[in-house]
Every structure is written in C-alpha cells, then in structure tokens.
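See below for the structure under consideration.
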Amino acid sequence: MRCPRKFLYEHEMGLVAGIESEPLTFGSAIHEAFYEYYKGSDIDTCLKAFIKRCRIPGSTIDLELDLSSNSDQQYSIEWGTWLLQRYFERFPIKDEPWEVVRDHEGKPYLEMGFAIDAGDGVFVGKIDQIIRMKDTGDVWIIDHKTTKSVLNDKFGERWNPNNQMTSYLWGVHELLGEMPKGAIINAFRSYQFKRGNIEEIKAKAFMRIESRRHPDEVNDRANQIRHTMKTINWFRKRFDEVKEGDPSVFYMNAPNACQSYWPHTCVFVPVCLCHNEQMRREIIVNNFRRKTWVAYDELKNRKRFEVIKVA
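First residue of the sequence shown: -18, per the numbering used here; consecutive thereafter.
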C-alpha cells in the first residue's frame, strides 16, 4: 500500500478513471495477444485478440498512426499488430527454453489469478505466466511489460527490489509448494520506431530481464504484506469511527506516491487537493466511475483463478 489515500479511493470506494488511458489499453491488448500465443493459438487469433481489446468502448486508439507533424499520437492498432508479428518472429514458442506450468487438469498457468489468506485480509494478484525451465526444472514467473522507455541496463535495474514481482513469487510459492527462482521481465517497447531495419527493431523493441530472488526476500515480503493487512484494518476502523468518513483518516503519502511515475501524476491528486466536500464530490462524479473491486468474480469468470489458504 504505497498510499493509504489512494487505497481508500481505489479499493474501498471503487473509483476508477472515467476513460481508460491509451498506455493501459495498449498494454492490456498486448497481454491478450500473449495469452493466446502462449496458450498455443495461431498468429491470426493472437492479433485478433489484440485488436478486439484495442477497440473496447471509449478507446481512443486509432486504426493507423497519424503521421502529420502536429500529431501527438503514440499508439495505433496497425503499429501494435506489426510489432507483435516481429515479436512472434523473434521468439517462436518451439525455441523457448521453458514450458508453461499446468494445473492438475492440464490447464496452463496463464493470466493466473490467486488469493492468499494473509490472516487479517486476503491478498490477491494475477500472474502473467508461470513457467518451468526445460534444462534445470526451476520455476519462474514471466511478467509482460509494455513501455516507451529505452530497454537498457537502467531499465533492468527497476525490477529488484520490486514489491510486485516479489509478491507474485510468494503467490507461486503458496500455489505450487516450491520456491520460484525469480521473475523474467518480458519487456515490449511500444515506441514508434522507423521501420527500415527489421532486425535492428527486434533488438531494440524487446528485452528479457532475469530478476532473481533469495527465498528470504520472498518470506520477508510475505511478512510485509501481513503487516500491511493489519495497517489497512486500522485505517478502516478509524474511518468508520469518523462521521460520514473523513478521507484525511487515510493519509496522503505525498509526494513520492503522487509523482512516482513523473511526468504522470496519480489520477486522484485533484480529489486529494480539494478541501471543499461538495466540490470534491463533483470532481468524483464528473471524472470517475464507481467499479466494485471484483478480483474474485472477474477471475472466476475467466476460469483462471485459484484460492490459496495458508495456515
């Protein structure tokens, strides 16, 4: 919980931005294509999954890139499908050094949701892939990341320490009963390259980073999560004690959470900086929609969900 106030708005009140951002839409579409690809679907099915996700209601991603000089457009369906085909050429499934782990029914652990009973709460997440190396038998997770960042050593340093990856490793440990070696970041650069040298683009657009973890790091993260659950419950109790619920009870962790991905700010900053109750409600009504956090139901409906009870 990087910011208690954000947790209040996002998970307790169920507020989400009214319009999904282009980077989120594009990244989610890439995930859908990868899900189909590593499930064994043909390339056409993978590309259709990408296109379908890009065309969700409210999406602003166009079919083709506007090449006019005054356009600030960053994403297009045509560009995404072209880049996905370059990825499939570079990483054919038959050449991958690993296999996707499957459950007892033979279903692959792809886009796998999990829920862990952490004592004072339930910790949920969704893992892109759980894999086992063909040569060593070691278990790893794969996490797909779309980014406009340059894929270099600096980018690779982001992932250790990294709470998201370590949390997923805890989930896998509880699910399979064995400690995974770490996470492989499958980076997919969405930047609009000039399309002259395809081999050069393949080298610049894709990168895989191994981020290993010692078992002690995973266990430490599990303890941190349990502590966070206790903290959340403390905030909830204080919030319930205040008449009509005062948001200030869930304090704003500024500035490191508000500006953590500069130049993009947290979507809730305008709400946090408004100190007039009526105006704050208007900001919420006009800029957000309420969506109950349905981690369980959403994952169950997709039949990619496991509940893990930890003693």
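Glycine included, each C-beta is placed from N, C-alpha and C at the ideal position.
Measure the CB-CB distance between residue i and residue j and report whether it falls below 8 Å.
{"i": "residue 111", "j": "residue 120", "result": "yes"}
{"i": "residue 106", "j": "residue 152", "result": "yes"}
{"i": "residue 68", "j": "residue 81", "result": "no"}
{"i": "residue 166", "j": "residue 182", "result": "no"}
{"i": "residue 272", "j": "residue -5", "result": "yes"}
{"i": "residue 186", "j": "residue 28", "result": "no"}
{"i": "residue 77", "j": "residue 16", "result": "no"}
{"i": "residue 136", "j": "residue 168", "result": "yes"}
{"i": "residue 127", "j": "residue 11", "result": "yes"}
{"i": "residue 114", "j": "residue 79", "result": "yes"}
{"i": "residue 199", "j": "residue 233", "result": "no"}
{"i": "residue 31", "j": "residue 213", "result": "no"}
{"i": "residue 57", "j": "residue 70", "result": "no"}
{"i": "residue 87", "j": "residue 268", "result": "no"}
{"i": "residue 252", "j": "residue 261", "result": "yes"}
{"i": "residue 157", "j": "residue 95", "result": "no"}
{"i": "residue 132", "j": "residue 188", "result": "yes"}
Our contact map puts residue i next to residue j with C-beta atoms below 8 Å; I'd like the distance itself, whole angstroms only.
{"i": "residue -3", "j": "residue 270", "result": "6 Å"}
{"i": "residue 176", "j": "residue 129", "result": "With 8 Å as the limit, residue 176 and residue 129 do not qualify as a contact, their Cβ atoms being about 17 Å apart."}
{"i": "residue -15", "j": "residue 231", "result": "4 Å"}
{"i": "residue -18", "j": "residue 246", "result": "Incorrect: roughly 18 Å between the Cβ atoms, too far for contact."}
{"i": "residue 59", "j": "residue 34", "result": "So it is not a contact: roughly 15 Å between Cβ atoms."}
{"i": "residue 162", "j": "residue 193", "result": "6 Å"}
Bridge partners of residue i, per DSSP?
{"i": "residue 269", "result": "-2"}
{"i": "residue 248", "result": "DSSP output for residue 248 lists no bridge partner at all."}
{"i": "residue 82", "result": "Paired residues: none, contrary to the question."}
{"i": "residue 24", "result": "Partner(s): none; residue 24 has no beta bridge."}
{"i": "residue 123", "result": "110, 165"}
State yes or no: is the C-beta of residue i nearer than 7 Å to some heavy atom of the ligand MG?
{"i": "residue 160", "result": "Looking for the ligand MG in the displayed structure turns up nothing, as the structure carries no ligands at all."}
Complete alpha helix (DSSP H) runs within the segment 126 to 176 (minimum length 4 residues, chain order)
If we require 4 residues or more, the alpha helix (DSSP H) runs fully inside the segment 126 to 176 come out as 134 to 137, 144 to 157.
At a cut of 8 Å, does the segment 199 to 212 reach the segment 144 to 161 through at least three beta carbon pairs?
A contact exists between the segment 199 to 212 and the segment 144 to 161.
Jot down the residue ranges of each uninterrupted beta strand (DSSP E) in the segment 170 to 230, minimum 3 residues, whole runs only, in chain order.
Counting only unbroken stretches of 3 or more residues, the beta strand (DSSP E) elements lying wholly within the segment 170 to 230 are 187 to 193, in sequence order.
May I have a chain-ordered list of the beta strand (DSSP E) segments no shorter than 3 residues that lie completely inside the segment 84 to 121?
You should have 91 to 98, 103 to 114.
At least 3 beta-carbon pairs within less than 8 Å: the segment 39 to 47 vs the segment -2 to 10:
Yes, the segment 39 to 47 touches the segment -2 to 10.
Which runs of the alpha helix (DSSP H) spanning at least 4 residues fall entirely within the segment 31 to 79, listed in chain order?
Taking only runs of at least 4 residues, the alpha helix (DSSP H) segments lying wholly in the segment 31 to 79 are 58 to 71.
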